[in-house]
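Inspection log for the structure reproduced underneath, given as structure tokens.
Number of protein chains: 2
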Amino acid sequence: MAEPHVLSVDALLQRVETIFERAGVRRESAKAVAGVIVAGERDSCKSHGIYRIEGCLKVLAAGKVEPNAVPQLHDAGTSVIEVDAGGGFSNPAFHAARDLLAERTRANGIAALVIRDCLHFSALWHDVEALAEEGLASLSMCPSYSFVAPAGGTEQLLGTNPFAFGWPRPGGDPYVFDFATSVAARGEIELHRRAGTPIPEGWAIDRDGNPTTDPDAALDGAMLTFGGHKGSAISTMIELLAGAMLGEFMSKEALDFMGGTALLPRHGALVIALDPRTFAARSGRDPLAEGETLLTAIGAQGARLPSERRFAARRKAMRDGIALSEAELAQLDRFEKDGLAAVGA
Amino acid sequence: MAEPHVLSVDALLQRVETIFERAGVRRESAKAVAGVIVAGERDSCKSHGIYRIEGCLKVLAAGKVEPNAVPQLHDAGTSVIEVDAGGGFSNPAFHAARDLLAERTRANGIAALVIRDCLHFSALWHDVEALAEEGLASLSMCPSYSFVAPAGGTEQLLGTNPFAFGWPRPGGDPYVFDFATSVAARGEIELHRRAGTPIPEGWAIDRDGNPTTDPDAALDGAMLTFGGHKGSAISTMIELLAGAMLGEFMSKEALDFMGGTALLPRHGALVIALDPRTFAARSGRDPLAEGETLLTAIGAQGARLPSERRFAARRKAMRDGIALSEAELAQLDRFEKDGLAAVGA
Chain A
1 MAEPHVLSVD
11 ALLQRVETIF
21 ERAGVRRESA
31 KAVAGVIVAG
41 ERDSCKSHGI
51 YRIEGCLKVL
61 AAGKVEPNAV
71 PQLHDAGTSV
81 IEVDAGGGFS
91 NPAFHAARDL
101 LAERTRANGI
111 AALVIRDCLH
121 FSALWHDVEA
131 LAEEGLASLS
141 MCPSYSFVAP
151 AGGTEQLLGT
161 NPFAFGWPRP
171 GGDPYVFDFA
181 TSVAARGEIE
191 LHRRAGTPIP
201 EGWAIDRDGN
211 PTTDPDAALD
221 GAMLTFGGHK
231 GSAISTMIEL
241 LAGAMLGEFM
251 SKEALDFMGG
261 TALLPRHGAL
271 VIALDPRTFA
281 ARSGRDPLAE
291 GETLLTAIGA
301 QGARLPSERR
311 FAARRKAMRD
321 GIALSEAELA
331 QLDRFEKDGL
341 AAVGA
Chain B
1 MAEPHVLSVD
11 ALLQRVETIF
21 ERAGVRRESA
31 KAVAGVIVAG
41 ERDSCKSHGI
51 YRIEGCLKVL
61 AAGKVEPNAV
71 PQLHDAGTSV
81 IEVDAGGGFS
91 NPAFHAARDL
101 LAERTRANGI
111 AALVIRDCLH
121 FSALWHDVEA
131 LAEEGLASLS
141 MCPSYSFVAP
151 AGGTEQLLGT
161 NPFAFGWPRP
171 GGDPYVFDFA
181 TSVAARGEIE
191 LHRRAGTPIP
201 EGWAIDRDGN
211 PTTDPDAALD
221 GAMLTFGGHK
231 GSAISTMIEL
241 LAGAMLGEFM
251 SKEALDFMGG
261 TALLPRHGAL
271 VIALDPRTFA
281 ARSGRDPLAE
291 GETLLTAIGA
301 QGARLPSERR
311 FAARRKAMRD
321 GIALSEAELA
331 QLDRFEKDGL
341 AAVGA
């Protein structure tokens, strides 16, 4: 590492926590938000790393997120647990509910967590990894902003709706995927626009519904789902399960409510957790050992598992620290010193 | 309808039930199996219609399915219900467990059904539609035979692993999707082989892992998942949740166990059901009305919802009956008259 600005993961975590505390976020929430942001940076998942701090500060400065919200757990004793984020960030809410979700899943075999009324900016892998650490499989999904047209349609209606899954692997990194159900991320189209380069075919349509490779026309039109009508069906399922079913905003409502995409979306999220030991019990087989047979066979073909690169980056960061550029470090300094004024508040 | 051979849905159901009873299948099971086969034919879903009878008779003739299996429910009082199909067809097992699954889902908000040790040949939409009639949302998935390579791999390992979802729509057909996680069905490649036409690019690779449009090379190599690495991740999830987690066969084990693909696969299946009323209760919103907002907006764009064609075919069949060809009718006659001897037993 010849890079001059190397911080340990813990040192970066401390700095980001301090930034959020100075921005007025209550200590527990600052820790949870900083935790996922630093996890993204640590895993070389730059799009969900410290780059996200500015967006969080902006939504704080705009008064569109509640910095002192205390997540409220609601437990009716069923297999559905709820946590009201109270207009705060989603991460402290998940953090507050995590132990109860794991406990209920072990007791009932399957359980769901509803996160209500939260600002959402983070990758979902953080949540499914946390449950994999508990030995649980899980699915996680949420709406976003409606940038995406349904298959056969012409207008923005669906979100980029991420879908994540985690499966525990004894003594190793869990099997984790987490992807947008759009072909590409909106930020990727934005990068092409800035660079003046065309986007690949199949990413988007223009406002008349015609295929386009022009980033401006794409941003003005609609993005497309991955996998054609199948991806569109999954994205629709996410709107229904993590929006309509919870009585929380779907992607179009989230956009209408915020009045634009300058700030983070406000909506709910759904996590479904399953205990493999309960499901397998009567079979007499070890579900995690069976899982290893499959996952090992994938690797033996030379195929990469989802998240493999992320886990490799994590190991490197834990060992060597996280390298930041001069500009990134200067920004952290400014955020720490100026608080919300750094984003024009 | 100028077709001479038109049967009412009920008349066809009666004929198919009789075929299975004469083949030695216990009455209750014959009704359940005939029900899903005739539903496929009625919905103009020919690949899951009466065409499937021959495959079912073959597996009966081979003694690889238990014709007199009585599904056994196992209920530990948790949110996971199990039904042992006892080596019989999956449909009677689902039928036996359906009411308890719906009841438990209403009580607990979310519940899962494990179907163990079954022969599986039917589309999953039948099950998720049955749950939508109960006002429940549901997910259904199962392994199959390992014809599909994981993204970045070169060898058959994953099944064509179907994934289905149902969502109730008040006063209308439910929102239902049900698709293979492979790009195409194996039968479609077989049809190209017989016709001597190339398959589209992106469907399959040859045994060396190179892209191919030659149907023979494709059948000898491996099929590909829909949506690249994202579809591959979902297919892997299905192996883990509906295979490893249940302690039932994954797709490769199912193939090894049957020793070839001439007969239907034997494995388990997983259904997850959710009660929208429970999930939405604290929001004060009507989850099904919210769902209508989304689904109506998709239609208003001119986009078709999954299963729309199937529901239209169903309405036509219920009104006008089901038209069968001379050959199809002759085959029904033969199956009814000769029983298992019709398939060489």
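Here the protein sequences come in this chain order: A and B. Counting from 1, position 139 in the first sequence corresponds to residue 139 in UniProt numbering; the numbering is continuous, with no gaps. Counting from 1, position 149 in the second sequence corresponds to residue 149 in UniProt numbering; the numbering is continuous, with no gaps. Ideal Cβ positions, reconstructed from N, Cα and C, are used throughout, including at glycine.
List, in chain order, every chain A residue whose beta-carbon is nearer than 8 Å to that of residue i.
i, result
"S283/B", "R116, L246, G247 and E248"
"I298/B", "P150, G153, L157 and T236"
When the Cα atoms are used, what is the spatial distance from residue i to residue j?
i, j, result
"A11/B", "I37/B", "13 Å"
"F89/A", "P215/A", "31 Å"
"Q331/B", "L219/B", "28 Å"
"M237/B", "T296/B", "31 Å"
"R314/B", "D43/B", "5 Å"
"M1/B", "I322/B", "Caution is warranted here: a pLDDT of 43 is assigned to M1/B, below 50, making its placement in the model unreliable, and the coordinate value is therefore given only provisionally. When rounded, the distance between both Cα atoms is 10 Å."
"S232/A", "K337/B", "46 Å"
"G159/B", "E308/B", "26 Å"
"P67/A", "R26/A", "6 Å"
"I234/A", "A62/B", "38 Å"
"I50/B", "L139/A", "36 Å"
"L340/B", "Q301/B", "50 Å"
Name, please, each residue of chain B whose Cβ falls closer than 8 Å to the Cβ of residue i.
i, result
"H48/A", "Within chain B, no residue comes near H48/A; the closest Cβ sits about 18 Å away, beyond 8 Å."
"A137/A", "L240, L241 and M245"
Taking the continuous beta strand (DSSP E) assigned at residue i, which residues delimit it?
i, result
"G196/A", "Unbroken run through G196/A: none, as it is neither H nor E."
"A112/A", "I110 to L119"
"I272/B", "R266 to L274"
"P215/B", "Counting along the chain, P215/B falls outside any beta strand (DSSP E), though it belongs to the alpha helix (DSSP H) covering P215 to D220."
"G166/B", "P162 to W167"
Between the Cα of residue i and those of the options, spot the shortest distance and give me the residue it belongs to.
i, options, result
"V183/A", "V176/A, R15/A and A204/A", "A204/A"
"T213/B", "K230/B, H229/B and I189/B", "I189/B"
"A111/A", "I272/A, A97/A, G291/A and R319/A", "I272/A"
"T105/A", "S79/A, F226/A and Q156/A", "S79/A"
"L57/B", "D275/B, G87/B and A23/B", "A23/B"
"L131/B", "A151/B, F165/B and G153/B", "F165/B"
"V148/A", "I19/A, G302/A, M141/A and E239/A", "E239/A"
"R207/B", "V83/B, T154/B and P276/B", "T154/B"
"A123/B", "D117/B, P92/B and P162/B", "P162/B"
"A76/B", "E201/A, P211/A, I199/A and R282/A", "R282/A"
"V65/A", "L340/A, S235/A and G87/A", "G87/A"
"G171/B", "E133/B, E103/B and A151/B", "E133/B"
"L246/B", "G259/A, L246/A, A262/A and R277/A", "R277/A"
"A34/B", "A300/B, T293/B and V16/B", "V16/B"
"L274/A", "T18/B, A317/B and L113/B", "L113/B"
"E129/B", "P306/B, H120/B and I19/B", "P306/B"
"P287/B", "H120/B, R169/B and V59/B", "R169/B"
Does the Cβ-Cβ distance between residue i and residue j come in under 9 Å?
i, j, result
"P143/B", "E248/B", "yes"
"L13/B", "I115/B", "no"
"F21/A", "A30/A", "What sits at residue 21/A in the sequence shown is Glu, not Phe. Their beta carbons are under 9 Å apart, which means E21/A touches A30/A by this criterion."
"I53/A", "F335/A", "yes"
"C118/A", "A96/A", "no"
"G109/A", "A244/B", "no"
"A242/A", "G268/A", "yes"
"L136/B", "A102/B", "yes"
"R310/B", "C45/B", "yes"
"residue 346/B", "A32/B", "Within the shown structure, residues of chain B are numbered from 1 to 345, placing residue 346/B beyond reach of any answer."
Taking residue i as the query, report the chain A residues whose CB atoms sit under 7 Å from its CB, ordered along the chain.
i, result
"F226/B", "G227 and K230"
"P287/B", "A244, M245 and G247"
"V80/B", "G109, I110, T278 and F279"
Residue range of the alpha helix (DSSP H) that residue i falls in?
i, result
"M250/B", "Careful: M250/B lies outside any alpha helix (DSSP H) and carries neither H nor E."
"W125/A", "W125 to E133"
"G284/B", "Taken as a continuous stretch (DSSP letters only), G284/B belongs to no alpha helix (DSSP H), as it is neither H nor E."
"A30/A", "R27 to R42"
"E82/A", "Element bounds for E82/A: not the alpha helix (DSSP H) but the beta strand (DSSP E), V80 to D84."
"Y51/B", "Y51 to A61"
"H5/B", "Where H5/B is concerned, there is no enclosing alpha helix (DSSP H), given that its DSSP letter is neither H nor E."
"Q72/A", "No alpha helix (DSSP H) holds Q72/A; the beta strand (DSSP E) holding it covers Q72 to D75."
"A317/B", "E308 to D320"
"D338/A", "E326 to D338"
"A233/B", "G228 to E239"
What residues from chain B crowd round residue i, counting only those whose CB sits closer than 7 Å?
i, result
"R304/A", "G152"
"P276/A", "M245"
"W167/A", "L240"
By the criterion of Cβ-Cβ separation under 9 Å, what are the contact partners of residue i in chain A?
i, result
"Q72/B", "The contacting residues do not exist; Q72/B stays about 11 Å from chain A at best."
Below 9 Å on C-beta distance, what does residue i contact in chain B?
i, result
"W125/A", "Under the 9 Å cutoff, chain B gives no residues; its nearest Cβ is about 12 Å from W125/A."
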